Amino acid sequence: QASAEASAIVFQAFRRSREFEDFAVPQMIAPPLLTKYGSGQHYGEHIDAGEIVVGQQRIRTDLSCTVFLNDPDSYEGGELESRLGNRTMTYKGQPGDAILYPSTTYHQVKEVTKGERLVAITFIQSRLPDALLREILFELGEVYAYEAETMSWENRNRLEFVQQNLKR
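Just so you know, we're using the numbering used here here: the sequence shown kicks off at 4 and counts up by one.
Here you go:
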């Protein structure tokens with residue numbers, strides 16, 4: 004029961020987030036998995052599976068998402084760590100914060116040394132499987148959002164032309 008309620012909350016939050024929609028361009032979202040890490044637990048470095056099966060349906064995992072559920076001050080350690088090129092990024096979010104990253108990214112959960120880490124994890128199949136194309140469209144959308152009011156009508160139409168045709 005609690006798992007179904009938490010899943011519903013996560014799905015509703017995704018639907019309300021224009022930024023999530025613009026970044027992920029979701030086609031299918033796997034039901035979130037609620038995960039609890041206690042003291043001494045961790046998850047070693049890995050990449051996520053290329054596909055998962057949900058019911059009778061296969062979902063291509065283009066993006067992985069971690070939603071933090073409890074106060075980061077209530078536990079020690081437990082950071083989500085990901086490798087982006089030669090950089091290592093570390094995340095420990097507030098309740099409701101979500102980290103979205105390509106499922107091809109090496110990542111791990113560092114050892115929890117005190118308390119409990121609670122997160123929801125899900126996987127997204129995008130309508131646009133190409134990560135670079137998703138990133139370009141997201142950036143174009145950001146430009147449009149910030150500059151549309153000051154752009155000439157012709158340039159707004161040109162930007163809209165590029166955005167819409169890249170989605171095809």
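All C-beta atoms in this analysis are idealised placements derived from N, C-alpha and C, irrespective of residue type, glycine included.
Note that the structure is predicted; figures quoted are calculated from it, not measured.
Check                                                                                                       : Outcome
Gly65 vs Ser6 beta-carbon contact at 8 Å                                                                    : Reading off the sequence, residue 65 comes out as Asp, not Gly. In this structure, Ser6 does not lie closer than 8 Å to Asp65 by Cβ.
Any 3 or more C-beta pairs closer than 8 Å across the segment 113-126 and the segment 76-95                 : yes
For Leu135, the nearest candidate out of Val28, Ala16, Glu8 (CA to CA)                                      : Val28
Beta-carbon spacing of Tyr46, Arg120 below 8 Å                                                              : no
Continuous beta strand (DSSP E) stretch holding Leu83: start and end                                        : 83-87
Residue-chain proximity (Arg120, chain D), Cβ-Cβ < 8 Å                                                      : Among the chains in the structure shown there is no chain D, since it carries only a single protein chain.
Expected contact under 8 Å - CB spacing of Ile62 and Ala33 to nearest Å                                     : 5 Å
Phe23, buried or exposed, once every other Cβ within 10 Å from all chains shown has been counted against 16 : buried
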